[in-house]
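Undergrad: Structure below; questions to follow.
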Amino acid sequence: MDIKSISSVFSPIHSLIKEIWNFKLEKALSDRVVALNELIFSAQSNMLTQQETITVLRAKNDELEKEIRRLTEWEEEKKHYYMHEPVPGSFVWRYRPDDGANQTTAQRPKPSHDLCPRCFDKSERSVLQGFEYQGHRLLSKKCFSCGLVAYVDKPPKSTIDFF
Ligand SMILES: [Zn+2]
13 MDIKSISSVF SPIHSLIKEI WNFKLEKALS DRVVALNELI FSAQSNMLTQ
63 QETITVLRAK NDELEKEIRR LTEWEEEKKH YYMHEPVPGS FVWRYRPDDG
113 ANQTTAQRPK PSHDLCPRCF DKSERSVLQG FEYQGHRLLS KKCFSCGLVA
163 YVDKPPKSTI DFF
């Protein structure tokens, strides 16, 4: 066998090895592309989850800022009331009007009124409304938010002694 014929025998083998080598490279490359796609998909999935978390946290933050603003305003509003006992054992928070000298029109003193003590303790403002009258006398006021009834005057002795 001469060199030329030996070379011709190995030529297809070289081609085959080259094909196998290319196949291995393509398979390795393909595996890397698949792995890269999986990483990209995982990263996208994590980003979506993070985005959802950020959206929920922003909504919660807005809610908390609103509550802080409400409580800050409430702390200022509370200064205009004092605890009052119109009838022994019945307490209300009574409006303490000021002169309104440094206030805008919207902040001018309000008419005399009482706030519900139960709602007041929950940092909520609820004006007690006339509820029970006897003749022309107002005996009690009711909170239409929580249902509390606060007595503002004693009933006449005749009704107490009725039983
Ligand atoms: Zn109430």
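When we follow our numbering, the leftmost residue of the sequence shown carries the number 13, and every step to the right adds one. Using N, Cα and C, we set each Cβ at its ideal position, and we do this for glycine too.
#1: Does the Cβ of Tyr163 have 16 or more other Cβ atoms within 10 Å, making it buried, or fewer, making it exposed?
#2: Is Asp165 near Pro123, with beta carbons less than 8 Å apart?
#3: What are the complete alpha helix (DSSP H) segments, minimum 4 residues, inside the segment 70 to 151?
#4: Could you give the first and the last residue of the continuous beta strand (DSSP E) run that contains Val161?
#5: Lys30 bridges to which residues according to DSSP?
#6: Got a list of residues with beta-carbon closer than 5 Å to any non-hydrogen atom of ligand 1, in chain order?
TA: According to the data block:
#1: buried
#2: no
#3: 129 to 133
#4: 161 to 163
#5: In the DSSP output, where bridge partners are listed per residue, Lys30 has none listed.
#6: Cys128, Arg130, Cys131, Ser138, Cys155, Ser157, Cys158, Leu160
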